[in-house]
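Participant:
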């Protein structure tokens with residue numbers, strides 16, 4: 151079983167551009183499809199991640215919210231967290247305390263879907279080992295995702 155998972159956004163799927171890039175770097179990466187409410191998506195995610203340890207989790211937009219929620223609930227089971235324009239500004243993201251999971255956030259200056267400032271503030275409160283990258287990109291982060299060295303970032 152792979153220790154790398156990509157969690158797509160609300161209106162996306164396992165066939166998204168970023169999922170394709172991640173699978174190219176990690177052919178065994180898990181890239182499940184999610185639909186429904188946040189609660190339904192989290193209920194589907196839980197058994198997938200329950201089977202492994204030391205996950206490298208990449209989440210995009212709503213998938214970033216899902217990744218962050220799971221990492222905050224299970225920090226000892228996550229070795230690396232990468233959040234792409236994560237929707238962690240939403241009220242559903244209210245961790246009890248900051249976690250020590252190494253976390254990288256990439257957020258576009260031209261993101262018109264998820265606001266930069268509240269995401270940065272939420273990330274700074276939630277993650278003690280945070281790298282926050284503000285990039286010249288939009289919400290989809292296509293240019294940024296192409297430029298990322300996924301193997302170096304995720305330790306593979």
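Numbering (our numbering), first residue to last: 151 to 306.
Here a beta-carbon is modelled for each residue, glycine too, at the ideal position from N, C-alpha and C.
Bear in mind that the values here come from a model prediction, so they are computed numbers and not experimental data.
Here's a check: name, in chain order, each residue in its chain whose Cβ is nearer than 7 Å to the Cβ of residue 205, leaving out the five neighbours to either side.
Facilitator: Correct list, in chain order: 153, 155, 199, 227, 228 and 229.
Participant: Along the chain, which unbroken stretches of the beta strand (DSSP E) at least 3 residues long are found entirely within the region 154 to 240?
Facilitator: If we require 3 residues or more, the beta strand (DSSP E) runs fully inside the region 154 to 240 come out as 154 to 157, 205 to 210 and 228 to 234.
Participant: Determine, using beta-carbon pairs with one atom in the region 178 to 189 and one in the region 280 to 288, whether at least three such pairs fall under 8 Å.
Facilitator: The region 178 to 189 vs the region 280 to 288: no contact.
Participant: Would you check if the distance between the CB atom of residue 233 and the CB atom of residue 218 is smaller than 8 Å?
Facilitator: Their beta carbons are under 8 Å apart, which means residue 233 touches residue 218 by this criterion.
Participant: Would you decide whether residue 297 is buried or exposed? Buried here means 16 or more other CB atoms lie within 10 Å of its CB.
Facilitator: Exposed, since its Cβ has fewer than 16 Cβ neighbours within 10 Å.
Participant: Residue 255 lies in the beta strand (DSSP E); which residues open and close that run?
Facilitator: Residues 253 to 258.
Participant: Residue 301 to residue 171, Cα distance in whole Å?
Facilitator: Going by the C-alpha atoms only, they are around 11 Å apart.
Participant: With distance defined between alpha-carbon atoms, name the residue in 207, 213 and 299 nearest to residue 183.
Facilitator: It is 213.
Participant: Can you tell me whether residue 163 is buried or exposed? The criterion is at least 16 other CB atoms within 10 Å of its CB, across all chains shown.
Facilitator: With fewer than 16 Cβ atoms within 10 Å of its Cβ, residue 163 is classed as exposed.
Participant: Apply the 10 Å Cβ neighbour rule to residue 279 and answer buried if 16 or more other Cβ atoms are within range, or exposed otherwise.
Facilitator: Flag for residue 279 reads exposed.
Participant: Are the beta-carbon atoms belonging to residue 242 and residue 215 less than 8 Å from one another?
Facilitator: Closer than 8 Å, so yes.
Participant: With DSSP as the reference, label residue 292 as helix, strand or coil.
Facilitator: Helix.
Participant: Looking only at its chain, what residues have a beta carbon closer than 6 Å to the beta carbon of residue 266, apart from the 5 residues adjacent to it on each side?
Facilitator: Once the five neighbours on either side are set aside, the close Cβ partners of residue 266 are 257.
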